[in-house]
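K.L.:
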Amino acid sequence: MNATRTDPQPNGDARDAAAGRTETATFAAGCFWGVEAAFRRIEGVVATTVGYTGGTVDRPTYEQVCTDRTGHAEAVRVEFDPGQVSYEELLDVFWQCHDPTQLNRQGPDVGRQYRSAIFVHTPAQQAAAAASKAQLAASGRFARPIVTEILPAPAFYAAEAYHQQHLEKQGRASCSRSVR
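Laid out in structure tokens, this is it:
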């Protein structure tokens, strides 16, 4: 079901991962390159994997996902140490790294694979995500309604190796779009 995970990040503690004290969060917020870069900068994030989730095709390829026929979203699976960073703090990063009012797109990237979604792994994540979304909606920060889906985490398929840590491999800290 789940693909292999990436190696622990330099800012994480490999012993925590080995001891099983990490939790998993999964976010879709447009092109996964920039989203991954945003999470990799966070202290307490042990590993990230970009991939595809939320669709109907097993083990899809990037080319298949780009047809907009698989139902999958480009997403980032985040393994984190809850003793160093909370799920709520990761939600804050999620809301800041994209425009959650854009339906099935982020900037120039258009298609259902670029949708805004939080894929929850536990009832506690479900409650935290719903509360966070409601708080953001009530804040008045956005003039348009928030379209982010909150769904149970389905199977996650790791993207091809060339997509993993893509921006870092290119010597870039982020995509051209600014992080809010």
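If you want this note's numbering, it's the 1-based position in the sequence shown plus 12.
The beta-carbon is built from N, C-alpha and C at its ideal position, and this holds for glycine as well.
Values in this document were obtained by computation on a predicted structure and should not be read as measured data.
Roughly how far, in whole angstroms, is the beta-carbon of residue 90 from the beta-carbon of residue 102, given that I think they are within contact range, below 8 Å?
P.N.:
Taking the sequence shown and counting its residues from 1, the one referred to as residue 90 is at position 78. Taking the sequence shown and counting its residues from 1, the one referred to as residue 102 is at position 90. Confirmed, Cβ separation roughly 6 Å.
K.L.:
To the nearest angstrom, how far is it from the Cα of residue 154 to the Cα of residue 46?
P.N.:
On the sequence shown, position 142 is the one that residue 154 refers to. On the sequence shown, position 34 is the one that residue 46 refers to. Answer to the nearest angstrom: the Cα atoms are 21 Å apart.
K.L.:
Using the Cα positions of residue 80 and residue 123, report the straight-line distance between them to the nearest angstrom.
P.N.:
What you label residue 80 is simply residue 68 of the sequence shown in a count that begins at 1. What you label residue 123 is simply residue 111 of the sequence shown in a count that begins at 1. Each residue's alpha carbon lies about 6 Å from the other.
K.L.:
Closer than 8 Å is the cut-off here; do at least three beta carbon pairs connect the segment 45 to 63 with the segment 148 to 166?
P.N.:
Output reads no: the segment 148 to 166 does not touch the segment 45 to 63.
K.L.:
For the 8 Å Cβ check, are there 3 or more pairs between the segment 127 to 134 and the segment 67 to 84?
P.N.:
With a cut-off of 8 Å, the segment 67 to 84 and the segment 127 to 134 do not count as touching, because too few Cβ pairs lie within range.
K.L.:
Would you tell me roughly how many angstroms separate the C-alpha atoms of residue 58 and residue 118, rounded to the nearest one?
P.N.:
Position 46 of the sequence shown, counted from the first residue, corresponds to residue 58. Position 106 of the sequence shown, counted from the first residue, corresponds to residue 118. So the two alpha carbons sit approximately 26 Å from each other.
K.L.:
For residue 105, which of 172, 166 and 49 has the nearest alpha-carbon?
P.N.:
For the purposes of this step, residue 105 is identified with residue 93 of the sequence shown, where counting begins at 1. Per the Cα distances, 49.
K.L.:
For residue 150, collect the residues of the same chain with a Cβ closer than 8 Å to its Cβ; drop the 5 residues on either side in sequence, then sort them by chain order.
P.N.:
Reading the sequence shown from its first residue, position 138 is the one you call residue 150. Within the same chain, residue 150 has no close Cβ partners at all.
K.L.:
May I ask you to report which of helix, strand or coil DSSP gives residue 125?
P.N.:
On the sequence shown, residue 125 is found 113 positions in, with the first residue counted as 1. In the structure shown, residue 125 sits in a helix (DSSP, three-state: H, G or I).
K.L.:
My assumption, with CB atoms under 8 Å, is that residue 128 sits in contact with residue 110. Please give the rounded CB distance.
P.N.:
Counting from 1 along the sequence shown, the entry for residue 128 is found at position 116. Counting from 1 along the sequence shown, the entry for residue 110 is found at position 98. Rounded, the Cβ-Cβ distance is 6 Å, consistent with contact.
K.L.:
Give the range of the beta strand (DSSP E) segment to which residue 86 is assigned.
P.N.:
Within the sequence shown, numbered from 1, the residue matching residue 86 stands at position 74. Its beta strand (DSSP E) spans residues 85 to 92.
K.L.:
Among 40, 168 and 61, whose alpha-carbon lies nearest the alpha-carbon of residue 112?
P.N.:
Residue numbering aside, residue 112 sits at position 100 when the sequence shown is read from its first letter. Nearest option by C-alpha distance: 40.
K.L.:
Residues in the same chain with beta-carbon distance under 6 Å from residue 177, minus the five sequence neighbours each way, listed in chain order, please.
P.N.:
Taking the first residue of the sequence shown as 1, we reach residue 177 at position 165. Excluding positions up to five away in sequence, the list is empty.
K.L.:
What separation, rounded to the nearest whole angstrom, lies between the Cα atoms of residue 33 and residue 93?
P.N.:
To locate residue 33, count along the sequence shown from 1; it is residue 21. To locate residue 93, count along the sequence shown from 1; it is residue 81. Approximately 7 Å between the Cα atoms of the pair.
K.L.:
In whole angstroms, what separates the C-alpha of residue 69 from that of residue 95?
P.N.:
Counting from one through the sequence shown, the residue named residue 69 turns up at place 57. Counting from one through the sequence shown, the residue named residue 95 turns up at place 83. For residue 69 and residue 95, the distance between alpha carbons rounds to 35 Å.
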